[in-house]
Each structure stands twice: as structure tokens, then as C-alpha cells.
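Novice:
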Amino acid sequence: MQDTSLYRAWAEIDTDAMKHNLSVVRRVLPEHRQMAIVKAEAYGHGLEGVAKALDGEDIEFFGVATPAEAARIHALGCRKCPFILGPCFPAEREAIVQNGWRAALSSIEEAEHFNALGKLYGKKVNLHINVDTGMGRAGLLPHDIPSLADHLAPLEHLNIEGIFSHLSAAADDISFTHRQIESYEAAVAELAGKMQLPYRHLCSSSAVFNYTAPSTNMVRLGRILYGYSPMPSPYNRELRNTLTLYSRVTLLRTLPAQHGVSYNHTYITSGATKVATIGIGFGDGYLHYLSNTGARVYLNGSYCPVLGRVTMDQIMVDVSHIKGVQPGDVAEIMGPNVPWEELTARAKTIPSNVITSLTARVPRVYKA
Numbered sequence: 001m002q003d004t005s006l007y008r009a010w011a012e013i014d015t016d017a018m019k020h021n022l023s024v025v026r027r028v029l030p031e032h033r034q035m036a037i038v039k040a041e042a043y044g045h046g047l048e049g050v051a052k053a054l055d056g057e058d059i060e061f062f063g064v065a066t067p068a069e070a071a072r073i074h075a076l077g078c079r080k081c082p083f084i085l086g087p088c089f090p091a092e093r094e095a096i097v098q099n100g101w102r103a104a105l106s107s108i109e110e111a112e113h114f115n116a117l118g119k120l121y122g123k124k125v126n127l128h129i130n131v132d133t134g135m136g137r138a139g140l141l142p143h144d145i146p147s148l149a150d151h152l153a154p155l156e157h158l159n160i161e162g163i164f165s166h167l168s169a170a171a172d173d174i175s176f177t178h179r180q181i182e183s184y185e186a187a188v189a190e191l192a193g194k195m196q197l198p199y200r201h202l203c204s205s206s207a208v209f210n211y212t213a214p215s216t217n218m219v220r221l222g223r224i225l226y227g228y229s230p231m232p233s234p235y236n237r238e239l240r241n242t243l244t245l246y247s248r249v250t251l252l253r254t255l256p257a258q259h260g261v262s263y264n265h266t267y268i269t270s271g272a273t274k275v276a277t278i279g280i281g282f283g284d285g286y287l288h289y290l291s292n293t294g295a296r297v298y299l300n301g302s303y304c305p306v307l308g309r310v311t312m313d314q315i316m317v318d319v320s321h322i323k324g325v326q327p328g329d330v331a332e333i334m335g336p337n338v339p340w341e342e343l344t345a346r347a348k349t350i351p352s353n354v355i356t357s358l359t360a361r362v363p364r365v366y367k368a
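Note that our numbering has the sequence shown beginning at 1, numbered continuously upward.
Here is the structure:
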């Protein structure tokens, strides 16, 4: 593991914990294959580092959001192919065809363009049909499905490799989720006799442990891979934390009573207060929304409250109750003692927002 002694903030990534979380899903769903979602810097963990760690783990695809992310997977020389989850505009499709990446199909126009590119380059284009069962973001609508096979039949440079959909409220609306599953199953039944569809996927992390879609044979793993399940489940306690965010004390001072801390003096000291400045801020991905929310860090075995507003490069914490704090001491900003769930609740956001906000300024350090 690389030397962190000169880092003022860094994220430590436990790739063994990631592989363990993958094994939990495989035990629960032994008949399903897996797509590892590595978009958005692998949920803040670093796309290249995670792809390298998982490329030998017998997954089917790396799920990405854009061809630019697919190109980064490709540049690593990974054995597993990137799958571009969302629609791509016309200028992006040529790279998909040339490189043999997988892509989602949301319209007949896309199909015709992909087919023309396939003919131009003498290649088969591997696509997964995206069915909009209620997400309202992309995909063919259910009423488009009965005629789809006839539309696609003449497009001989396409290989329709799979079918998928996306659940919009799995953790919040069980009734609507079951209606989405029924809509997806109807689409699969409509097309199954007309095309092979070797990959059928619906459930992502919100649904993996809690719903059954009979026709599916693959699951998409984002948050669960990184140690967090959005829905209550007995399997959640088996998941392991994969990312710990650290920073260092850069300065230690004692401020007098009635002294303002940070911008606009939203915090005023009530008495003499020992304040540690810590070298992380919203420029690193520590959300500004954590200002004045009771947010805390874990330093030298104790919790220390964040004082006032989070600034771009620094936060200030109260260390009056701790002896011996020194510049250079390491604080846990997020991890086993300050979990995602806590920061999520305080910032009034979602866990994915908390971890994908980590910026390139924060080095990722991989340990196994």
C-alpha cells in the first residue's frame, strides 16, 4: 500500500471487502451473473483501481454511464467488457461499434443508426433492449415491445444480446415496484420466442436482496458492492465497508469566548475552545450541506463536532475534550466510525451523493 504520510486527505479502499460483498450476493443469488457498476469513479472508489481489482472476479460486465468511462476501462486492458447503461447521442456511437462495447437500446432510431455503423465497419453491434417500465428516463415503452422484433429483424448487423429495465422506487414503493416487475416480465415473455436474450437484468442494489424477477439471470451491483444496501435485509449485516476517508489536522489553536468560526460566523464559541483545522472541505467532496448539522469526525479515539460552515479546503472541529492533539494527526472523516448513513442523514441527501462527491484531489489508496 502506498505511503500516505504526505497526504492531507485520502480515501483508503479495501478491495478484499469489495470482493467479499460480491460473494455475499453470489451466495444469495447463485444462479445470477453480475454486472459491477463502476460509473462515477466507481461510486467514489476510483474507476481504474476498482476495475483492476474486479477484472478477475468472473463478473460479466463493467457498468458505466458514458463512452468516455468505457474508454478508460478499455485502456486498462480489462478482460471484461464495459456496458454503457444510458442512451448515447449519435456522435458517441461510433466508438461503441468500433470497440465492441455493449450499449443500451432505447429507440428504433438508435437501432437503425447502430446497424448502419455496424455495416460500415463490418461488425456486429451488441445491444441490450432497455424497457421503460416506469422510470421515465430512457427505454422503449411497453406498448412498443409487441412490434419491436419486426422492426429489428431486417437490421442484420445488430446482435440483441439482452433486455433490462430499471426500478425507480424499490426502497420506497413496494406496490409500484411489483408493477414494474410485472411489466418487465411481460416484455421478456413477448420477446423471448423471437430472440435469444441471453442477458436479462432488472434488479440493482436497491432490489437485489428484496425482490424476485423470475426471468432474470443477472444483477447490477452498485451500492451493495461498496458495502451499502438501500433496503433492510438480514444480509445487510454481512456487507463490509469498502471506503474510509481520512484527513489530517493542519493547525491547532485555542479561540477565546465569543469568537466566530468559519464564514458568516454561524458558530460562535461560548468559552475558550481548542479548535483543530482539518485539511478537507467541499473541494475534496466533503459536502457543504454538512455545515451546522451536528456533523463530526473521529480523531484520536473520540468524536469531535464540526464547527460552523464547511469551507472549500478545510473544516474546523472542537478538540477541547482531547489531550495531546497535534498537527499531522489523522481524523476519520467517513468510515466505520462515521458511516455513510450518518453523513447522508445529516446532509439530507442519499448515500450515493455522499460518496460520489469525492473529487480527484483525494488520492485513492488500495489495500487488499
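Backbone N, C-alpha and C define an ideal beta-carbon position, used for all residues, glycine too.
Let me know if K39 comes out buried or exposed under the rule of 16 or more other beta-carbons within 10 Å of its beta-carbon.
Specialist: Buried, since its Cβ has 16 or more Cβ neighbours within 10 Å.
Novice: Candidates E156, N217 and C203: which alpha carbon is nearest E31's?
Specialist: The residue with the shortest Cα to Cα distance from E31 is N217.
Novice: V249 and Y298 - do their beta-carbons sit closer together than 8 angstroms?
Specialist: No, the Cβ-Cβ distance between Y298 and V249 is not below 8 angstroms.
Novice: Just to confirm, is the Cβ distance from S357 to G308 under 8 angstroms?
Specialist: Not closer than 8 angstroms, so no.
Novice: Just verifying my parser: in three-state terms, what is the DSSP assignment at G86?
Specialist: Three-state DSSP puts G86 in coil, outside helix and strand.
Novice: Using the rule of at least 16 other Cβ atoms within 10 Å of the residue's Cβ for burial, across every protein chain shown, is H143 buried or exposed?
Specialist: It is exposed - the Cβ of H143 has fewer than 16 other Cβ atoms within 10 Å.
Novice: Can you pull the DSSP bridge partners for L251?
Specialist: Paired residue(s): T277.
Novice: Grab the span of the beta strand (DSSP E) containing F176 for me, first residue to last.
Specialist: Taken as a continuous stretch (DSSP letters only), F176 belongs to no beta strand (DSSP E), being part of the alpha helix (DSSP H) at I174 to A192.
Novice: Please report the distance separating the alpha-carbon of Y184 from that of H166.
Specialist: For Y184 and H166, the distance between alpha carbons rounds to 9 angstroms.
Novice: Which residues does DSSP pair with M35 in a beta bridge?
Specialist: Answer by DSSP bridge pairing, in chain order: F61 and R220.
Novice: How far does the beta strand (DSSP E) with Y366 in it reach, from first residue to last?
Specialist: From DSSP, the beta strand (DSSP E) with Y366 extends over R364 to K367.
Novice: State whether the segment 266-277 contacts the segment 343-357, with contact taken as three or more CB pairs (one from each stretch) at a distance under 8 angstroms.
Specialist: With a cut-off of 8 angstroms, the segment 343-357 and the segment 266-277 do not count as touching, because too few Cβ pairs lie within range.
Novice: With burial defined as no fewer than 16 other Cβ atoms inside 10 Å of the residue's Cβ, what is the status of G193: buried or exposed?
Specialist: It counts as exposed.
Novice: Would you kindly report the start and end of the unbroken alpha helix (DSSP H) that includes R151?
Specialist: It should be pointed out that residue 151 corresponds to His in this sequence rather than to Arg. Per DSSP, H151 belongs to the alpha helix (DSSP H) from L148 to L152.
Novice: Answer yes if the segment 148-157 comes into contact with the segment 114-125, meaning at least three C-beta pairs across the two stretches below 8 angstroms, and no otherwise.
Specialist: As far as the Cβ criterion goes, the segment 114-125 touches the segment 148-157, which means the pair count is three or higher.
Novice: Note down the Cα distance separating Q196 from G162, rounded to an integer number of angstroms.
Specialist: For Q196 and G162, the distance between alpha carbons rounds to 8 angstroms.
Novice: Run through the segment 90-118 for me and flag every whole beta strand (DSSP E) of 3 or more residues, listed as ranges in chain order.
Specialist: 102-105, all fully within the segment 90-118.
Novice: Could you round the C-beta distance between F89 and F62 to whole angstroms and report it? I think they count as a contact, below 8 angstroms.
Specialist: Contact flag wrong, Cβ pair sits at about 21 angstroms.
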